[in-house]
Ligand SMILES: NC(=O)c1ccc[n+]([C@@H]2O[C@H](COP(=O)([O-])OP(=O)(O)OC[C@H]3O[C@@H](n4cnc5c(N)ncnc54)[C@H](OP(=O)(O)O)[C@@H]3O)[C@@H](O)[C@H]2O)c1
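Numbering (this note's numbering), first residue to last: 3 to 325.
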């Protein structure tokens with residue numbers, strides 16, 4: 003089969019297209035998915051750069067999200083399935099290939115009325131956003147702040163928070179994606195590059211406190227994220243695209259009794275992931291929101307697709323495996 007092989011964990015430059023990679027073999031409880039679309043995630047790059055705990059056998063195939071058909075007689079002809087999560091693209095070969103082995107407990111049908119392109123990039127980021135929003139117990143009554151709001155987890159967080167009935171404020175660099183994010187359900191979008199964005203957010207919200215933050219970015223901006231949080235606010239730490247937080251003052255958590263907690267979508271087992279996914283699909287079907295596709299690249303252009311992801315997309319960057 004054709005596959006993008008990672009020969010060394012030395013970054014995305016160590017990827018190469020191989021026309022005759024070994025076909026995967028399914029064991030008991032596993033199926034082979036013929037991949038139609040794959041979706042990219044920053045975690046693919048982190049794994050390639052050895053910034054991730056996983057140390058898969060090399061060569062490795064990256065790619066966690068995929069949609070395709072099951073190559074087995076018992077599967078309904080033409081039925082499309084999506085990968086919920088699991089080891090795919092982490093310890094086992096991933097979806098940047100024509101075929102992938104998936105444990106059947108981690109496969110779900112593409113939801114009715116959803117396109118394959120909408121479904122392919124949804125599981126990882128919506129499950130992550132779901133954990134970030136629900137991990138603190140009762141849902142917040144105040145506002146939700148979403149940093150990196152235009153990305154995969156960001157858009158998913160806007161959709162889910164809105165479906166739960168919470169007002170959302172998003173952060174996105176520059177003004178280019180503001181209108182689109184308002185359309186997706188954000189009540190207000192601020193530019194984190196503006197030194198006063200935290201004041202603008204407080205002014206917009208008035209008496210409504212920020213009770214939850216889905217934090218995808220980290221870096222220098224984090225102290226201002228802490229600044230906008232209301233009393234008893236919770237920060238769900240999802241990612242760190244801007245790197246470590248310099249000079250963090252733990253005292254900034256004290257007086258408003260702020261809490262921070264990590265999010266790790268990998269801790270969802272199969273049953274919990276399926277239950278959460280079913281809830282996510284119901285929530286999105288209620289509001290009519292669908293995962294956003296930023297761009298679709300031909301299979302041979304994976305490096306260009308990663309370059310697009312690094313620029314800051316609006317929704318998910320996909321790979322069309324058949325082109
Ligand atoms: N903990 C978990 O289980 C888990 C699961 C999934 C993802 N993650 C992590 O969560 C983070 C977000 O993932 P994602 O899939 O949403 O990423 P993404 O699709 O690449 O989007 C991230 C968004 O953040 C902004 N951004 C990117 N680089 C930035 C930088 N250096 N400084 C400031 N803003 C930047 C961009 O928005 P603008 O250009 O509009 O500002 C971009 O659209 C990543 O670190 C990822 O590894 C963690």
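Note that CB positions come from ideal geometry on N, CA and C, so glycine has one too.
TODO: Check whether the Cβ atoms of residue 210 and residue 169 lie closer than 8 Å to each other.
DONE: Reading the chain shown from its first residue, position 208 is the one you call residue 210. Reading the chain shown from its first residue, position 167 is the one you call residue 169. Their beta carbons are under 8 Å apart, which means residue 210 touches residue 169 by this criterion.
Open item on the list: Tell me the rounded alpha-carbon separation between residue 177 and residue 196.
Closed with: In the chain shown, the residue the question calls residue 177 occupies position 175. In the chain shown, the residue the question calls residue 196 occupies position 194. Each residue's alpha carbon lies about 11 Å from the other.
TODO: Taking only heavy atoms of ligand 1 into account, decide whether any of them is closer than 7 Å to the Cβ of residue 155.
DONE: As a position in the chain shown, residue 155 is number 153, starting the count at 1. Flag set: Cβ of residue 155 near ligand 1.
- [ ] Return the CA-CA distance between residue 14 and residue 304, expressed in angstroms with no decimal places.
- [x] Here residue 14 refers to the residue found at position 12 of the chain shown. Here residue 304 refers to the residue found at position 302 of the chain shown. Between residue 14 and residue 304, the C-alpha separation is close to 10 Å.
Open item on the list: With three or more C-beta pairs closer than 8 Å as the rule, is the region 157-169 touching the region 177-189?
Closed with: Taking 8 Å as the limit for Cβ pairs, the verdict is that the region 157-169 does touch the region 177-189.
Task: Identity of the residues DSSP links to residue 279 by a beta bridge - done: By one-based count along the chain shown, residue 279 stands at place 277. Answer by DSSP bridge pairing: none, since residue 279 is not bridged.
Task: Residues near residue 261 in its chain [Cβ-Cβ closer than 6 Å; skip 5 each side] - done: For this step, residue 261 is matched to residue 259 along the chain shown. So the qualifying residues of the chain are 236.
Open item on the list: Can you tell me whether residue 192 is buried or exposed? The criterion is at least 16 other CB atoms within 10 Å of its CB, across all chains shown.
Closed with: What you label residue 192 is simply residue 190 of the chain shown in a count that begins at 1. Answer is buried; the Cβ neighbour count reaches 16.
Open item on the list: At a threshold of 7 Å, does residue 22 count as lining ligand 1 (C-beta to nearest heavy atom)?
Closed with: Within the chain shown, numbered from 1, the residue matching residue 22 stands at position 20. Not under cutoff, so the answer is no.
Task: 7 Å CB neighbourhood of residue 98 in its chain, flanking five on each side removed - done: Along the chain shown, read from residue 1 onward, the residue named residue 98 stands at position 96. Within the same chain, 5, 6, 40, 63, 64, 65, 304, 321 come within 7 Å of residue 98 by CB-CB distance, once the 5 residues on both sides are set aside.
Open item on the list: Quick test of your reading: residue 84 and residue 112, contact by CB under 8 Å. State the CB separation rounded to the nearest angstrom.
Closed with: Against the chain shown, residue 84 aligns to sequence position 82. Against the chain shown, residue 112 aligns to sequence position 110. With a contact defined as Cβ atoms closer than 8 Å, residue 84 and residue 112 qualify at about 6 Å.
Task: Which of helix, strand or coil DSSP assigns to residue 234 - done: Here residue 234 refers to the residue found at position 232 of the chain shown. In the structure shown, residue 234 adopts extended strand secondary structure according to DSSP, grouped into three states.
Open item on the list: Pairs of beta-carbons, one from the region 27-47 and one from the region 136-149, closer than 8 Å: are there three or more?
Closed with: With a cut-off of 8 Å, the region 136-149 and the region 27-47 do not count as touching, because too few Cβ pairs lie within range.
TODO: Measure the alpha-carbon distance for residue 274 versus residue 124 and round it to whole angstroms.
DONE: Here residue 274 refers to the residue found at position 272 when the chain shown is read from its first residue. Here residue 124 refers to the residue found at position 122 when the chain shown is read from its first residue. Separation of residue 274 and residue 124 (C-alpha to C-alpha, rounded to the nearest whole angstrom) is 16 Å.
- [ ] Below 8 Å on the Cβ atoms is my guess for residue 159 versus residue 148; work out the distance and round it to an integer in Å.
- [x] Translated into the one-based positions of the chain shown, residue 159 becomes position 157. Translated into the one-based positions of the chain shown, residue 148 becomes position 146. That belief holds up - the Cβ atoms of residue 159 and residue 148 are roughly 5 Å apart, short of 8 Å.
Task: Own chain, CB closer than 7 Å to residue 323, minus 5 neighbours either side, in chain order - done: Translated into the one-based positions of the chain shown, residue 323 becomes position 321. Excluding five sequence positions before and after residue 323, the CB atoms of its chain that fall closer than 7 Å to its own CB belong to 37, 38, 39, 40, 100, 301, given in chain order.
Task: Continuous beta strand (DSSP E) stretch holding residue 12: start and end - done: Counting from one through the chain shown, the residue named residue 12 turns up at place 10. For residue 12, no beta strand (DSSP E) encloses it, and the DSSP letter there is neither H nor E.
Task: For residue 297 and residue 117, the rounded distance between their alpha carbons - done: The residue given as residue 117 occupies position 115 in the chain shown. The residue given as residue 297 occupies position 295 in the chain shown. Taking the straight line from one Cα to the other gives about 14 Å.
TODO: Using only alpha-carbon positions, find the residue among 203, 243, 207, 208 that is nearest to residue 227.
DONE: Walking along the chain shown from the start, residue 227 turns up at place 225. The candidate whose alpha carbon is nearest that of residue 227 is 203.
TODO: Could you tell me which of 121, 106, 214 sits nearest to residue 143, measuring between CA atoms?
DONE: Here residue 143 corresponds to residue number 141 of the chain shown, with the count starting at 1. Here the closest residue by C-alpha is 214.
Task: Backbone CA spacing between residue 94 and residue 225 [nearest angstrom] - done: The residue given as residue 94 occupies position 92 in the chain shown. The residue given as residue 225 occupies position 223 in the chain shown. Within the model, the alpha-carbon separation for residue 94 versus residue 225 is close to 38 Å.
TODO: For residue 316, collect the residues of the same chain with a Cβ closer than 7 Å to its Cβ; drop the 5 residues on either side in sequence, then sort them by chain order.
DONE: Your numbering for residue 316 matches position 314 in the chain shown. In the same chain as residue 316, and ignoring 5 residues on each side of it, the C-beta atoms closer than 7 Å to its own belong to 152, 179, 182, 294, 296, in chain order.
Task: Between the CA atoms of residue 266 and residue 233 - distance to the nearest angstrom - done: Locating residue 233 in the chain shown gives position 231, counting from the first residue. Locating residue 266 in the chain shown gives position 264, counting from the first residue. Each residue's Cα considered, the two are about 25 Å apart.
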